[in-house]
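Encoded as C-alpha cells, the structure appears first; notes follow it.
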Amino acid sequence: MPQADTARFLQDLHDLRKIGAFKTGVHRPTYSPQDMESREWLMERMREVGLEPTIDGIGNVFGKHPGPGPHLLAGSHIESQNEAGWLDGALGVVGALAMARAGLPVDVCAFADEEGHFEGGFLGSRSIIGELSEEEIDRSRNRTDGTPLRQALQAAGLAGKPRIQIDPARYKGFFEMHIEQGTQLENAGLQIGVVTGIVAIWQFRLEVIGQQDHAGGTTMAERKDAGLTAMRLLAAIDAEFPRICGERSTWTTGRITLEPGAPSIIPGRADVLFQFRDVSMEVLRRMEDGLRRLVQESNRRERCQTTLHVVARATPALCDAAMMAALDEAAEAHAPGKWQRMPSGAGHDAQYIAKQMPAVMLFVPSIGGISHHWSENTSDEDLALGCQVLVDGAARFLGKA
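Every letter in the sequence shown is one number past the one before it in numbering that gives the first Met the number 0, and letter 302, counting from 1, is 301.
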C-alpha cells in the first residue's frame with residue numbers, strides 16, 4: 000500500500016504559509032506578487048515529485064504525471080481571501096502533492112481564483128473544463144478595486160499563455176482534501192469527514208422601490224421607506240425559511256445598499272443581495288418558491304414594491320459512490336469510529352470538475368469552525384491523519400491497496 004510522507008506533507012504546508020504571511024494566516028489575493036510567488040514555489044515542488052509542471056493563461060498550475068494510467072486528478076487552490084487563513088485551498092494542493100510523492104499516478108492542479116477575487120469566480124476550474132469564455136475574461140473585473148482581469152493577467156506575466164483544458168478520458172476521478180470550514184466534526188469529536196455532496200448556491204437580488212423624501216418633513220404615515228420594507232421582508236424570510244429548508248440549508252443577506260444613503264433622507268431604493276444553499280434540488284426549489292411567496296406577500300402589504308431578480312442558480316455536485324466507499328474504508332482503517340459522511344456547505348473547485356469526471360472530497364476539522372480569517376487553523380495531528388486517509392483512499396480506489 001502506498002504510504003503518505005506526513006512529515007514532508009506538514010513541512011510543505013508550513014513552508015507555503017510563509018509566502019504572504021499575515022499574522023497566523025496568509026494574504027495571497029489572486030495574481031498578487033505573493034500569489035505568483037506561491038505558484039512558482041508549487042512548480043518547484045511538482046518537479047521534485049516527478050511531475051511535469053506548467054502554468055497556463057488563467058494562472059492554473061498543472062503538474063502532469065509522466066507515467067502510465069489510469070490517472071487521478073487532485074488539487075484545490077493556493078490563493079487566499081484577503082488577510083485570511085493558511086489552509087483553505089492550500090491543504091488540497093499540498094495533499095495532492097503527497098499523493099504524487101507516495102507514487103500514485105496523479106496529475107496535480109492548483110486552480111486559479113477559487114476565492115472569487117474577480118467577477119465570475121472559480122476562474123481556474125471553469126477554464127480547465129472549457130466553461131470560461133474569452134468574452135467573460137474581457138468583462139471580468141476585480142471585485143475590490145475594479146482592475147480588469149486582462150490587466151491583472153498582463154501584470155502577472157500570464158498574458159498570451161494558452162489555457163489548459165483537461166481530457167476527462169485520462170482520469171478515473173478527482174480528489175480534493177479541504178478543511179471543513181464549520182464545526183460539525185469538532186463538535187462530534189471526529190477527525191475525518193467523507194463528503195457526500197457540494198451545495199449549490201442560488202443567488203438573488205431584491206430591488207425595493209419607494210419614494211426618496213425629507214426625513215423631517217415627511218410624516219410616518221406618508222412615507223414609502225424602501226429600507227424599512229427591505230428589513231421587514233428579510234425578517235419574514237428568516238422566520239419562514241426554517242419551516243421549509245433542509246437539515247443543512249443556509250441563507251445569507253450579503254449586502255444591503257440604501258439610496259441615496261444619507262442620514263436625513265428617506266431611502267427611495269434598497270438593493271439586497273441574498274443567497275441560500277443546499278445539496279438537494281428539491282429543497283432549493285422549495286426555498287425559491289417560499290422566497291417568491293414572501294415577496295408577493297410583501298408587495299400586497301407594503302407601500303414599496305419589491306422585484307426579485309435571479310442572479311445565479313448552480314447545480315449541486317454529488318460525490319461519487321465508489322470514491323466515497325474507498326475513503327470510508329481508509330478512514331475506518333486509520334481513524335476507526337472517528338469519521339462520518341457529511342455534505343459540504345461551501346462551494347469548491349470539485350463541483351466544477353465533477354461535471355466531467357467522478358469526484359469526491361475529504362474534510363478535516365476546523366478549530367472553532369473558523370475560516371476566511373487569519374486565525375483559521377487545524378491541528379498537525381488532524382492534518383497528518385487527513386493526508387494518510389487521502390493517500391490510502393485514492394490507492395484503494397485505484398485498486399492498489
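The C-beta atom is built at its ideal place from N, Cα and C for all residues, glycine as well.
**Study point:** Buried or exposed (CB count within 10 angstroms, at least 16 for buried), residue 276
**Key:** buried
Practice item. Let me know if residue 193 comes out buried or exposed under the rule of 16 or more other beta-carbons within 10 Å of its beta-carbon. Key: buried
Review point. DSSP puts residue 54 in a beta bridge; with which residues?
Key: Partner(s): 60.
**Study point:** Member of 223, 103, 225, 55 whose CA lies at the smallest distance from the CA of residue 155
**Key:** Measuring from the Cα of residue 155, the nearest candidate turns out to be 55.
Practice item. Please confirm if the segment 293-312 is in contact with the segment 357-376, defined as three or more CB-CB distances below 8 Å between the two stretches. Key: Flag = no, the segment 293-312 and the segment 357-376 do not touch.
**Study point:** Nearest-angstrom Cα separation, counted from residue 242 out to residue 372
**Key:** 32 Å
Practice item. Reducing DSSP to helix, strand and coil, say where residue 176 ends up. Key: strand
Practice item. Using beta-carbon positions only, say whether residue 90 and residue 48 come within less than 8 Å of one another. Key: Between residue 90 and residue 48, the C-beta spacing is not below 8 Å.
Review point. Which whole-angstrom value describes the C-beta separation of residue 365 and residue 181, a residue pair presumed to lie in contact below a C-beta threshold of 8 Å?
Key: 7 Å
Practice item. Can you tell me which of 385, 326, 213 puts its alpha carbon nearest to the alpha carbon of residue 340? Key: 326
Point to revise | Reference residue 337, options 362, 352, 141, closest by Cα | key: Here the closest residue by C-alpha is 362.
Exercise for review: Determine, using beta carbons only, whether residue 225 and residue 269 come nearer to each other than 8 Å.
Suggested key: Yes, the Cβ-Cβ distance between residue 225 and residue 269 is below 8 Å.
Review point. For the segment 27-106, which segments carrying the beta strand (DSSP E) assignment without a break, of at least 3 residues, lie completely within its bounds, in sequence order?
Key: Counting whole runs of 3 or more residues, the segment 27-106 contains the beta strand (DSSP E) stretches 51-54, 60-63, 70-75.
Exercise for review: Give the DSSP-derived three-state secondary structure of residue 16 in the structure shown.
Suggested key: Coil, per DSSP.
Review point. From what residue to what residue does the beta strand (DSSP E) around residue 359 run?
Key: Here the beta strand (DSSP E) through residue 359 covers 358-363.
Point to revise | Uninterrupted alpha helix (DSSP H) stretches inside the segment 260-347 (no shorter than 4 residues) | key: 280-300, 320-333
Review point. Considering only residues of the same chain and omitting the five flanking positions on each side of residue 61, which have a CB-CB separation below 6 Å?
Key: 53, 108, 163
Check your understanding: Anyone know if the C-beta pair for residue 165 and residue 315 falls short of 8 Å?
Key -> Going by C-beta atoms, residue 165 is not nearer than 8 Å to residue 315.
Check your understanding: Within 10 angstroms of its Cβ, does residue 379 collect 16 or more other Cβ (buried), or is it exposed?
Key -> So residue 379 counts as exposed.
Check your understanding: CB-CB under 8 Å to residue 214, same chain, minus the five flanking residues each way: which ones, in chain order?
Key -> 262, 263, 264, 265
Check your understanding: Once you ignore the five residues that flank residue 185 on each side, which residues in its own chain have a CB closer than 6 Å to its CB?
Key -> For residue 185, where only same-chain residues beyond five positions count, the Cβ hits under 6 Å are 364.
Exercise for review: Please list, in chain order, all residues of the same chain as residue 231 whose beta carbon is under 8 Å from its beta carbon, the five residues on each side excluded.
Suggested key: 297, 301
Practice item. Compare the Cα-Cα distances from residue 59 to each of 5, 38, 115, 377 and report the closest residue. Key: 38
Check your understanding: Quick one: Cα of residue 323 to Cα of residue 68, how far?
Key -> 21 Å
Review point. Between the segment 9-27 and the segment 143-160, do three or more beta carbon pairs fall short of 8 Å?
Key: Contact between the segment 9-27 and the segment 143-160 is absent, because fewer than three Cβ pairs lie under 8 Å.
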